[in-house]
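Numbering (the working numbering), first residue to last: 18 to 229.
C-beta: ideal position from N, C-alpha, C; glycine also.
None of these values were measured; they are calculated from a predicted model.
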């Protein structure tokens with residue numbers, strides 16, 4: 018049986034296809050991104066540096082670490098196209114993607130992040146961690162397929178990754194073609210404490226590796 022979500026995506030895809038017959042699907046999508054997220058890379062960088070200074074949310078701090086260290090973590094990424102947006106226009110109920118990057122090979126790279134509390138102990142916390150591990154992979158794989166269907170982008174032009182605070186999942190993506198990276202909670206805390214925005218601006222370095 019075809020799910021209701023699948024029917025909605027298929028209907029939207031038929032409409033979208035009319036506009037993608039003669040145009041490169043990725044170029045079309047990049048143009049769409051410029052309209053719904055017009056901020057420059059520098060403006061986005063300033064937003065995430067503000068998060069480092071006032072980390073009111075652990076997940077957002079993890080995302081700031083990812084963006085400011087993207088060249089180190091995922092060197093294939095060239096430009097951030099979308100942050101916390103739905104890849105399916107006007108259908109946020111079908112899921113948002115944490116990060117969508119354009120790669121140097123003119124492909125798309127989808128990244129899902131998850132702050133996993135590896136410091137908590139007990140059976141309940143272990144179950145919660147395992148649930149989060151499974152969920153983040155499920156999310157990025159589902160988004161990849163929906164992305165391909167809606168935008169008529171070939172799966173070979175779509176890559177995906179997962180970034181968490183759980184070092185134990187780094188091997189899990191091998192069997193499902195997902196690139197996995199992680200940072201320990203201790204390292205994340207140390208990085209936030211020593212990240213100096215003024216130094217980055219003075220030195221003209223945008224990577225934000227947090228080293229002094």
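Taken atom to atom, the span from the alpha-carbon of residue 41 to that of residue 166 is near 15 angstroms. Sequence-distant partners of residue 138 (beyond 5 residues in either direction) whose C-beta falls short of 8 angstroms from its own C-beta are missing from its chain.
Residue 136 sits in coil when the DSSP states are folded into three classes, being neither helix nor strand.
Restricting attention to 194, 200 and 181, the CA atom closest to the CA of residue 175 is found in 194. At the C-beta level, residue 65 and residue 170 stay beyond 8 angstroms of one another. Within the same chain, Cβ atoms closer than 7 angstroms to the Cβ of residue 182 are found at 79, 132, 133, 135, 199, 200, 201, 202 and 205, the five residues on either side in sequence being excluded. Around the beta carbon of residue 178, 16 or more other beta carbons sit within 10 angstroms, so the residue counts as buried. Residue 116 has its alpha-carbon roughly 11 angstroms from the corresponding atom of residue 94.
By the beta-carbon neighbour count (other beta carbons within 10 angstroms, threshold 16), residue 58 is exposed.
Pairing residue 130 with residue 71 gives a Cβ-Cβ distance that is not under 8 angstroms. Taking the Cβ atoms as the reference, residue 84 lies roughly 12 angstroms from residue 98, outside the contact range of under 8 angstroms.
Taking 8 angstroms as the cut-off, the beta carbon of residue 102 is found closer than this to the beta carbon of residue 54. Secondary structure remark: continuous alpha helix (DSSP H) runs of at least 4 residues inside the stretch 115-180, in chain order: 140-168.
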